[in-house]
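Position in the sequence shown (first residue = 1) + 7 = our numbering.
Backbone N, C-alpha and C define an ideal beta-carbon position, used for all residues, glycine too.
The model shown is predicted, which means the values in this text are computed figures rather than measured ones.
In what follows, a structure is listed as structure tokens, so that the remarks can point back to it.
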Amino acid sequence: MRQVSKGEFYAAVGKLNVHPKIVSGFPYECQWIFLNDPRGPLFGKTVDRVEGGLTVTDYFLNDTHQSGGAE
């Protein structure tokens, strides 16, 4: 997985049928999976962390879904 900006992440999501699946409490991590293939490869993940008292979200895309080139 490669870290990307929020804009790149949601541009890749586009109209795909992907949904977040919560996998941990802290740091709060969601794995984004394809609804029609939940056991397939992850689309990406988001991880929330605290920095300077504020919550910051990091965005990651699976290497096969870079630059909006998702299937």
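- If the five residues before and after L42 are omitted, its C-beta is found closer than 6 angstroms to the C-beta atoms of N24, H26, all from its own chain and listed in chain order.
- Annotation for K28: Q38, I40 place their beta carbon closer than 6 angstroms to its own, counting only its chain and skipping 5 residues before and after.
- Counting along the chain, the unbroken alpha helix (DSSP H) around F16 starts and ends at 13-20.
- With respect to Y66, G47 sits apart: the two C-beta atoms are not nearer than 8 angstroms.
- Taking the Cα positions, S12 is about 18 angstroms away from L61.
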